[in-house]
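Here is the structure we will look at, set down as structure tokens.
Protein chains: 2
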Amino acid sequence: MASPSARDQADWSDLLAGDRTLLDRTSTAERVADALRQWIIDGRLRPGTQLSEHSAGKALGVSRNTLREAFRLLVHERLLVHEFHRGVFVRVLAADDVTDLYRTRRLLETSAIRAASDVPPDLLAERLSAIDAAITAAEDAAFEEHWLDVGTANMRFHQAITALAGSPRVDEIMQQLTAELRLAFHATSALRRFHEPYIELNRGIARLLADGEFGAAARALDEYLTTAQRQLLDAFA
Amino acid sequence: MASPSARDQADWSDLLAGDRTLLDRTSTAERVADALRQWIIDGRLRPGTQLSEHSAGKALGVSRNTLREAFRLLVHERLLVHEFHRGVFVRVLAADDVTDLYRTRRLLETSAIRAASDVPPDLLAERLSAIDAAITAAEDAAFEEHWLDVGTANMRFHQAITALAGSPRVDEIMQQLTAELRLAFHATSALRRFHEPYIELNRGIARLLADGEFGAAARALDEYLTTAQRQLLDAFA
DNA sequence: CGGTAGCTAGTTGTTCAACAATCCGACAAG
DNA sequence: CTTGTCGGATTGTTGAACAACTAGCTACCG
């Protein structure tokens with residue numbers, strides 16, 4: 001018990017416990033849901049598309065029951081809508097949805113920034129570097145003119161912002177919101193014009209955060225999101 | 001088209017469209033999920049209980065597949081946990097979960113209060129009256145010594161607080177958080193001592209809101225939640 | 001010509017039965 | 001006390017079957 005080898009074994013079990021969740025997640029329905037989610041996020045499945053159980057099941061090589069379980073998961077994430085006795089469709093966002101998505105984002109992101117003032121310095125530095133990494137990734141992708149990747153990196157910037165709150169639940173909520181937002185982005189064809197100008201604004205906000213100007217950063221982000229929302233709503237009409 | 005009967009028909013279709021969502025929600029899996037959710041929230045299913053597919057399916061009179069769909073829904077709401085090849089269990093909250101739940105609540109509720117300053121007066125009055133109604137319900141239930149109902153009314157108070165943000169998504173997030181919180185409450189046997197003292201504090205916050213003192217109300221709620229969190233964490237040990 | 005009722009074909013909702021994969025406890029061996 | 005092995009029980013997944021429903025077509029009637 002007090003021997004060195006016992007101590008090693010305790011360390012092993014801790015490490016294994018951390019990985020267990022990753023190894024266990026091999027359910028067929030979840031993998032199907034992962035694939036569908038990726039297809040929707042990438043825009044390979046356009047909003048409004050109907051996913052028939054028979055053809056989708058045959059295409060993916062899974063049974064109807066398994067596929068229905070996967071559908072349920074994505075319906076709960078709001079990526080699909082389920083109409084009783086009619087089928088499931090890739091969600092089509094309405095203008096109201098965009099408004100509410102941005103309202104929720106604004107609330108979460110600005111609160112997370114304000115909560116950052118209570119974070120211990122070492123943790124804060126770690127989270128700020130995650131924000132910087134996302135911006136750098138966006139800059140690199142813009143240089144190579146991969147506008148879809150720019151969008152992905154921008155999303156990761158905003159997720160890193162909410163991660164300042166240090167809450168797993170808030171992180172998951174934000175992840176779901178960003179996936180939902182992709183549905184809106186696919187409505188705008190000009191991805192470049194939509195994503196490119198925000199990289200610089202993101203850099204500015206990161207600078208304010210690095211200087212500890214949390215209030216100013218929150219205000220800047222609030223204004224920023226209002227602009228983005230308006231631009232996206234315009235593209236809807 | 002312009003005849004009175006055509007107008008009547010238009011009115012009918014509007015009315016029917018409003019009810020359709022209620023009538024359509026007759027999926028067996030969802031009704032099963034509703035029943036299970038209620039049992040968990042009421043404490044009839046204690047945290048840690050395993051729900052075997054066979055016995056639960058026989059008890060509810062539904063097939064295994066339908067039951068599994070219902071399980072998926074509740075797993076996604078974090079009321080159940082699913083362990084691969086082992087089964088589903090009523091969630092057992094850890095201290096970390098309670099901490100994170102309160103962190104998220106604090107973020108959402110205080111932000112919603114701060115957002116209330118931008119709400120038009122007539123809408124604001126409506127939402128404030130919903131808050132008052134919840135407090136009154138709690139007072140009545142306390143008078144009759146129905147402590148479970150006091151807890152329910154208190155939850156509704158907090159949901160009414162977040163409703164100040166005016167966002168359907170925030171409302172849904174909060175509803176899920178409160179359901180999850182019930183799991184924690186069932187760990188404390190002394191429901192009365194836990195819920196009763198907060199009624200008066202709620203009333204005080206409502207008064208601040210009615211006076212337009214949003215900043216003070218947010219600060220009071222923040223402190224309040226910190227106290228409640230500590231009390232709940234103590235009950236966990 | 002316009003609209004309505006009924007019919008048909010195809011899809012979804014739900015159940016059932018079967019088999020494979022996995023977990024769990026018990027028991028035996030070192 | 002740990003390690004292997006085995007058998008029963010539970011879950012994961014599939015396929016088929018039937019009921020319930022939707023949508024589009026047709027024929028009929030005014």
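Those sequence lines, one after another, are chains A and B.
If you number the first sequence the way UniProt numbering does, the last residue is 237 and the count never jumps.
If you number the second sequence the way UniProt numbering does, the last residue is 237 and the count never jumps.
Backbone N, C-alpha and C define an ideal beta-carbon position, used for all residues, glycine too.
Minimum Cβ-Cβ distance from residue i to chain B less than 9 Å
i	result
GLU53/A	no
LEU181/A	no
ASN65/A	yes
GLU69/A	yes
ILE135/A	no
residue 257/A	The question about residue 257/A has no answer here: the residues shown for chain A are numbered 1 through 237.
THR227/A	no
LEU232/A	no
THR26/A	yes
ALA56/A	no
LEU209/A	no
HIS195/A	no
HIS158/A	no
LEU107/A	yes
LEU60/A	no
LEU148/A	no
For residue i, the residue or residues it bridges with in DSSP
i	result
HIS82/B	VAL88/B
GLY51/B	The sequence given here places Leu at residue 51/B; Gly does not occur at that position. For LEU51/B, which the question treats as bridged, DSSP gives the partners VAL88/B.
Any chain A beta carbon closer than 9 Å to residue i
i	result
ALA29/B	yes
PRO168/B	yes
SER111/B	yes
ARG72/B	yes
THR152/B	no
residue 273/B	Nothing about residue 273/B can be read from this structure; chain B reaches only from 1 to 237.
ALA184/B	no
ILE173/B	yes
LEU79/B	no
ALA220/B	no
LEU22/B	No answer about LEU22/B holds up, because its pLDDT of 45 lies below 50 and its placement is not dependable.
ALA165/B	yes
ALA235/B	no
HIS76/B	yes
LEU177/B	yes
Local conformation of residue i per DSSP, three classes
i	result
LEU93/A	coil
ALA218/A	helix
ASP211/A	coil
GLY57/B	helix
THR99/A	helix
HIS186/A	coil
VAL62/A	coil
LEU164/A	helix
ARG44/B	coil
ALA237/B	coil
GLU77/A	coil
THR26/A	coil
THR21/B	At THR21/B the pLDDT is 46, less than 50, meaning the model places this residue with poor confidence; the figure from the coordinates comes in the next sentence. The answer is helix: DSSP assigns THR21/B an H, G or I state.
LEU181/B	helix
Chain B contacts made by the region 82-98 of chain A, where a contact means CB separation under 7 Å
PHE84
Whole runs of the alpha helix (DSSP H) within the region 111-161 of chain A, excluding any shorter than 4 residues
121-143
Between the region 115-135 of chain B and chain A, which residues of the former have CB atoms less than 9 Å from a CB of the latter, in chain order?
ALA115
Going along the region 31-47 of chain A in order, which residues come within less than 9 Å of chain B, judged by CB to CB distance?
none
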